[in-house]
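This report concerns only the one structure given below.
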Amino acid sequence: AKANGKHQVQLFTEALNAEANYKLFVENNLRRALTQNELEVFYQPKLCLKSGQLLGMEALLRWQHPEKGMIRPDQFISVAEETGLIIPIGKWVVRQACRMSKQIAAIGLGQLQVAINLSPKQFSDPDLVGSVAAILNEEQLDPRLLELELTESLLLEATEDTRHQLGRLKSLGLTLAMDDFGTGYSSLSYLKKFPIDVIKIDRSFIKDIPDNQDDMEITSAVIAMAHNLKLKVVAEGIETGAQLGFLRRQQCDVGQGYLFDKPISGRELIDSLRRYPCR
Ligand code: C2E
Ligand code: CA
Ligand code: CA
Ligand code: CA
Numbered sequence: 616a617k618a619n620g621k622h623q624v625q626l627f628t629e630a631l632n633a634e635a636n637y638k639l640f641v642e643n644n645l646r647r648a649l650t651q652n653e654l655e656v657f658y659q660p661k662l663c664l665k666s667g668q669l670l671g672m673e674a675l676l677r678w679q680h681p682e683k684g685m686i687r688p689d690q691f692i693s694v695a696e697e698t699g700l701i702i703p704i705g706k707w708v709v710r711q712a713c714r715m716s717k718q719i720a721a722i723g724l725g726q727l728q729v730a731i732n733l734s735p736k737q738f739s740d741p742d743l744v745g746s747v748a749a750i751l752n753e754e755q756l757d758p759r760l761l762e763l764e765l766t767e768s769l770l771l772e773a774t775e776d777t778r779h780q781l782g783r784l785k786s787l788g789l790t791l792a793m794d795d796f797g798t799g800y801s802s803l804s805y806l807k808k809f810p811i812d813v814i815k816i817d818r819s820f821i822k823d824i825p826d827n828q829d830d831m832e833i834t835s836a837v838i839a840m841a842h843n844l845k846l847k848v849v850a851e852g853i854e855t856g857a858q859l860g861f862l863r864r865q866q867c868d869v870g871q872g873y874l875f876d877k878p879i880s881g882r883e884l885i886d887s888l889r890r891y892p893c894r
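In UniProt numbering, each residue carries its 1-based index in the sequence shown increased by 615.
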C-alpha cells in the first residue's frame, strides 16, 4: 500500500508537470501565433429553420501550429484567458469577422450576420466597447450584422460595470446572444435583466433527441418560454434529420450543426456561397 501511495503521488506530480508544461507551451507559442498569422477564423453557417435560408455564421477560432497542426480552441482559449492574450486575440477575431461579412456583401452574396464568441475576461478590458465600435467604423460594417455570443457566467458574475458595457454594446446596434443556454445557472427570467436578444440552446440538450424524452421536454419548454419573452432561439449541434424535424415542429428559429455544415475557412465559405447563392 505504501509503495502504491508513493506511485500515486508520482503520477500526480507528473500530471501536474505535464499540465504546467502544456500551459507554458501554449503561452509561449500563442504570443507568436498572433503576430505570425497562425490564427485563422473559421465560420459555421446558421440557417433559418423555417425557410432553410442562410442567415449568417458563427466565427470559430483555429490555430494552425507549424509543427503541431490544427489546435482547437478548447485547448488554448483558457490559457489565452489566464494570460490576458484573449484581449488582443479577441479584437483580431472581431476585425476578421467584420471583414468576412463585408467581403461577402461586396461580392454580392448577401448580407450575412456574423457572430463572435466573447469570454468574460474580455469584459475586464475597459476599452472593450470602444474597440468594438472603432473596428465597426474602420471596417464600415453595419452594426446590425454583428452578434456577440456571451456566456451565462458573465451574467451571473455581472458587476455594475459589465451591465454598463452590455448596455453600451446594445446601443451600438449589435445583437447579444446567450451561448450554451441551460448549462449554467441562469434562468430565462434572469435574462430579462440584461439586454439579450437571442438564446442558444446548448448542444448537450440536442444531441440525444429523439431518444431522450427529458431533453425534448426541456428543449420545447425553453423555446416556448423564450418566445414569450420575445427572444429568438438558436439550436446548436444539429446532426440529424430527426433533430431538425423536432426543432422545426417546436418552432425553433435558427439552427447550426454538422447536418448543415461544419465550421469552414472563410475561403471555403465564399466558395460554397458562390456555388449555392440562394440556399
Ligand atoms: P461554442 O461557442 O459552444 O461553439 C460550438 C462548438 O461546437 C464549436 O467547437 C463547433 O465546431 C462545435 N460544433 C458545431 N456544430 C456541431 C455539431 O453538429 N456537432 C458537434 N459535435 N460539434 C459541433 P469549436 O470550434 O472547437 O469551439 C469550441 C469553443 O471554443 C466554442 O464553443 C467557444 O466557446 C470557444 N471559442 C471558439 N472561438 C472562440 C473565439 O474566437 N473567442 C472565444 N472567447 N472563444 C472561442
Ligand atoms: Ca458560441
Ligand atoms: Ca455554444
Ligand atoms: Ca457549447
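Cβ atoms here follow ideal geometry from the backbone N, Cα and C, with glycine treated the same way.
On a predicted model such as this, the values are computed, not experimentally measured, just so you know.
- Straight across, the Cα-Cα distance linking aspartate 868 with leucine 844 is about 14 angstroms.
- Rounded to the nearest whole angstrom, the C-alpha separation of glutamate 673 and glutamate 634 is 30 angstroms.
- Where lysine 661 is concerned, the enclosing beta strand (DSSP E) starts and stops at 654-663.
- The criterion of a C-beta distance shorter than 9 angstroms is not satisfied by isoleucine 702 and isoleucine 692.
- Set against 8 angstroms, the gap from the CB of glutamate 696 to the closest heavy atom of ligand 2 is not smaller.
- Taking a C-beta distance under 9 angstroms as the contact criterion, isoleucine 814 and leucine 862 do not qualify as a contact pair.
- Using a C-beta cut-off of 8 angstroms, the region 679-686 makes contact with the region 649-666, since at least three inter-stretch Cβ pairs fall below that distance.
- Inside the region 750-817, DSSP marks whole alpha helix (DSSP H) runs of 4 or more residues at positions 767-771, 775-786 and 803-806, from first to last along the chain.
- Taking non-hydrogen atoms of ligand 2 into account, the C-beta of lysine 736 is found less than 8 angstroms away from none of them.
- If you draw a straight line from the Cα of aspartate 823 to the Cα of phenylalanine 796, it comes to about 16 angstroms.
- Distance between threonine 790 and leucine 743, taken at the CA atoms: about 16 angstroms.
- Rounded to the nearest whole angstrom, the CA to CA distance from lysine 877 to valine 837 is 25 angstroms.
- Fewer than three Cβ pairs drawn from the region 659-675 and the region 634-651 lie within less than 8 angstroms of each other, which leaves the two stretches out of contact.
- If you check the CB distance, threonine 698 and proline 735 do not come in under 9 angstroms.
- When secondary structure is reduced to three states using DSSP, leucine 631 falls in the helix class.
- Of all C-beta pairs linking the region 743-761 to the region 711-725, three or more are shorter than 8 angstroms, placing the two stretches in contact.
- In this structure proline 660 is buried. Its beta-carbon is surrounded by 16 or more other beta-carbon atoms within 10 angstroms.
- At least one heavy atom of ligand 2 falls within 8 angstroms of the beta-carbon of aspartate 794.
- Short note on glutamate 764: C-beta closer than 8 angstroms to some heavy atom of ligand 1.
- Boundaries for glutamine 871: no beta strand (DSSP E) harbours it, and the DSSP string shows neither H nor E there.
- DSSP places glutamine 711 inside the alpha helix (DSSP H), whose first and last residues are 701-721.
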